[in-house]
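Numbering (this note's numbering), first residue to last: 34 to 513.
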Ligand SMILES: Cc1ncc(COP(=O)(O)O)c(C=O)c1O
């Protein structure tokens, strides 16, 4: 019960226990506590309302005497199931609604991982984002201090703020050699919304799509929610084998190919230049669009230029390109974008308008000021430098502690390390044991069909905590 916003009024003439009983009764009536659900313990309520436990007992007695709650020895106080039969009102069967919706929930294990991350202070190798000390807090403060906000606070253009789209177009030209104009850009709530919009607007239930195995996309129930048939493109050292697209197309008539070619999540691999060229040849011949999901290509650790995106090599307009600021700046900013042909962008913008009337101006304004400022380049160099350091600390810790137990391919960029477990260790049991030790990662089979792998993300963990995290992982592993 979120009692933070409410406290009994100690000056009131109404006795405190009565105020509390009324308050709980309202929460029950509003449906927050369905029939049969447990109410908080007397002790915890007394603490949050800042009253004696006796006052809570009196409040629960009051609710008990009017039939609202039941008291079951050993299991506390529950909302009565009988009382609802006596009244004329009927409570909707929320469980049924929750189970039947066509938009599918995340897998329970994913929900479990998210809850653990949010509720506990763990050494976090699971979240696919930057550590807080890599996020540009100071740059944003400076923008807020030094730039006047003069944008309209009305509904934004559904394609996104025009200034930001101009800036994204310049950014793409400068950093990725991608030619586009503000007309061919749609601003989205991260790359995630871009993927969702594409799937919803350009595909139909029953359509076949090909995607990397393992991949981030594997974790997207979005594909299943849209009723798509999914076919896997196995990822090896140099990414997928483009010829597989031809084979799949012959058998299943593939409608779209989803790729994260550079510093792939979770394997960290880069689709080799030859393979990138071949993907473009094949898909252009077959007339299949490629969705290039590219959140990581600017996080390259090599001194040479970053690997060229498919979009920058695309001569036939086959590629719809997605990227975001989540892995370069801040995942909580929720700024991503799609680049594509005008008719596609208009269609998606129309859908975005129906969903949320366009993206909020505040993060768009901030993103625009940041992307066009000189400090963006400095920040980017800083992030790359620090991520390389994190990657190296992780690799040294693994080589020292776990070289007998797992192997990996060293990524040249991005934020993830994909590890193969040496023996037949169950990743889920390893996760449970690791959680007991205060460390978390993503079991590989959540991301693809291969078992015996784990994804260790070095982007999110504090550098100093990485060796300790690996020591704890080792302890967990030795217990299995
Ligand atoms: C390959 C890939 N695509 C898309 C996303 C979604 O990122 P966001 O919506 O924060 O831009 C992620 C996040 O982990 C990712 O790894």
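The beta carbon of each residue, even a glycine, is placed where N, CA and C say it ideally should be.
Query: Supposed close pair residue 451, residue 505 - CB separation, criterion 8 Å; Result: Not a contact, Cβ separation roughly 20 Å.
Query: Proximity to residue 55 [Cα-Cα], best of 261, 44, 342 and 97; Result: 97
Query: Per-residue DSSP class, three states only, for residue 157; Result: strand
Query: For residue 283 and residue 242, believed in contact at Cβ under 8 Å, the rounded distance; Result: So it is not a contact: roughly 15 Å between Cβ atoms.
Query: Three or more C-beta pairs below 8 Å linking the segment 484-499 and the segment 441-456; Result: yes
Query: Cβ contact (3+ pairs, closer than 8 Å) linking the segment 259-279 and the segment 302-310; Result: yes
Query: Length of the line joining the Cα atoms of residue 476 and residue 216; Result: 41 Å
Query: Residue 370, buried or exposed, once every other Cβ within 10 Å from all chains shown has been counted against 16; Result: buried
Query: According to DSSP, residues forming a beta bridge with residue 389; Result: Answer is none; residue 389 lacks a bridge partner.
Query: Selected residue, minimal CA-CA separation from residue 512, among 166, 103 and 469; Result: 469
Query: Residue 210 versus residue 347: straight-line alpha-carbon distance, rounded; Result: 11 Å
Query: Cα-Cα separation, residue 380 to residue 293; Result: 23 Å
Query: Residue of 142, 53, 94 and 237 minimising C-alpha distance to residue 9; Result: The structure shown does not extend to residue 9, since the chain is modelled only from 34 to 513, so the question has no answer here.
Query: Cβ pair residue 88, residue 50 closer than 9 Å; Result: yes
Query: Residue span of the alpha helix (DSSP H) that contains residue 290, given as start and end; Result: Not the alpha helix (DSSP H): residue 290 falls in the beta strand (DSSP E), residues 287-292.
Query: Cβ neighbours of residue 368 in the same chain (closer than 6 Å, five flanking residues each side left out); Result: 358, 396 and 400
Query: Alpha helix (DSSP H) runs contained entirely in the segment 290-318, provided each spans 4 or more residues; Result: none
Query: Helix, strand or coil at residue 189 according to DSSP, with G and I counted as helix; Result: coil
Query: Boundaries of the alpha helix (DSSP H) in which residue 426 is found, first to last residue; Result: 407-435
Query: Proximity test, residue 367 beta-carbon vs ligand 1 heavy atom, cut-off 8 Å; Result: yes
Query: Enclosing beta strand (DSSP E) for residue 363 [first to last residue]; Result: Here residue 363 belongs to no beta strand (DSSP E), and DSSP marks it neither H nor E.
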